[in-house]
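Worksheet for the structure shown next.
Numbering (the numbering used here), first residue to last: 403 to 555.
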């Protein structure tokens with residue numbers, strides 16, 4: 403199954419973008435993966451931004467997709483457990499596994515209701531632009547663990 407990292411907005415920092423793409427490229431050794439985005443909404447109050455971004459996220463996914471939202475309050479894993487969870491999620495998915503990183507103000511209630519699983523990379527608040535990088539690295543680490551590659555120590 404294919405993994406899609408879906409973000410609100412593009413990664414603007416060239417260094418962060420380069421590192422993110424490096425891990426995505428490495429991950430493609432093990433599974434199809436893509437980094438996609440929906441436009442971020444500007445010049446509106448937070449509740450309207452969240453609603454418009456949420457509508458675009460829901461439009462970018464389909465009914466068969468297994469939707470994973472990244473949120474501070476989601477489930478946290480250690481690397482070994484995340485690897486096992488990812489493998490079972492990929493095997494069980496009927497469509498793509500879409501991992502959604504919301505905008506600066508988070509995710510809409512509609513996206514949260516559609517979510518099949520809520521994942522947390524950390525209890526700490528992470529910079530929005532770094533989340534795709536952290537997620538891509540953890541996905542690569544999980545795939546390396548599952549395939550017995552000496553990346554994780």
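Yeah, the Cβ is synthetic: ideal placement off N, Cα and C, and Gly gets one too.
Cβ neighbours of residue i in the same chain (closer than 7 Å, five flanking residues each side left out)
i           : result
residue 414 : 531
residue 548 : 485, 489
residue 482 : 547
residue 467 : 497, 498, 500
Cross-strand partners of residue i (DSSP beta bridge)
i           : result
residue 346 : Here the chain comprises residues numbered 403 to 555, so residue 346 is not present and cannot be evaluated.
residue 502 : 408, 471
residue 519 : 470
residue 421 : DSSP output for residue 421 lists no bridge partner at all.
residue 437 : 407
Expected contact under 8 Å - CB spacing of residue i and residue j to nearest Å
i           : j           : result
residue 422 : residue 503 : Going by Cβ atoms, the distance from residue 422 to residue 503 rounds to 11 Å, so no, they are not a contact pair.
residue 470 : residue 507 : Not quite, the Cβ-Cβ distance comes to about 19 Å (not below 8 Å), so this is no contact.
residue 512 : residue 456 : 5 Å
residue 403 : residue 498 : 6 Å
residue 528 : residue 418 : The pair is not a contact, with the Cβ atoms about 12 Å apart (cut-off 8 Å).
Cβ neighbours of residue i in the same chain (closer than 8 Å, five flanking residues each side left out)
i           : result
residue 438 : 406, 407, 408, 409, 462
residue 537 : 407, 472, 501, 503, 523
residue 533 : 409, 472, 503, 523
residue 433 : 403, 404, 405, 492, 545
Reduced DSSP category for residue i - H, G, I as helix; E, B as strand; rest coil
i           : result
residue 427 : helix
residue 512 : helix
residue 455 : helix
residue 495 : coil
residue 528 : coil
residue 477 : strand
residue 447 : coil
residue 547 : helix
Same chain, Cβ closer than 6 Å to residue i, neighbours up to 5 away in sequence not counted
i           : result
residue 542 : 425, 428, 429
residue 539 : 425
residue 476 : 520, 521, 522
residue 454 : 443
residue 448 : 507
residue 478 : 522
residue 510 : 452, 453, 456
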